[in-house]
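A quick write-up on the structure given underneath.
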């Protein structure tokens, strides 16, 4: 420990292959380079929907596809959707009754229904 303390420099050095991450410029930044400016209210869609699935992991045994090995499968148990679309601001929650395909179809039906009523 004494030997380490004599040579240790405070801080951690991280080395990333290819350098640190730099996010790509978005479309609005790119067109600003061309002298085109978009108003802030045009940059963001006013309505949003967020959703969350809860799943369990079911072991399926080893399955290999190319260089990828699958040992389990995610099975959807429930989901919740929340949106700021007027008239649909209450959370929407569904629990699987045993068929995950029915559950996935319910969330898609719910979102499509909300989209149609927000237009």
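Residue numbers (my numbering): 9 to 127. Note that beta-carbon positions come from the ideal geometry of N, C-alpha and C, so glycine has one too. Just so it is clear, the structure is predicted and the values come from calculations on it, not from any experiment.
- Looking at 113, 96, 94, the one whose alpha-carbon comes closest to that of residue 102 is 113.
- According to DSSP, residue pairing for residue 83 in a beta bridge involves 64.
- In this structure, the CA atom of residue 32 is about 37 Å from the CA atom of residue 67.
- Residue environment for residue 111: buried (at least 16 other C-beta atoms within 10 angstroms of its C-beta).
- Contact between residue 116 and residue 89 fails: their C-beta atoms lie close to 10 Å from each other, not under 8 Å.
- In terms of CA proximity to residue 49, 36 leads the group 36, 28, 65.
- Excluding residues up to 5 positions away in sequence, 70, 71 lie with their Cβ nearer than 8 Å to the Cβ of residue 77 in the same chain.
- Residue environment: residue 45 is assigned as exposed (fewer than 16 neighbouring CB atoms within 10 Å of its CB, all protein chains considered).
- Between residue 93 and residue 58, the alpha-carbon positions lie close to 11 Å from each other.
- Residue 64 and residue 100 have their alpha carbons spaced roughly 20 Å apart.
- Assigned with DSSP and collapsed to three states, residue 111 falls in helix.
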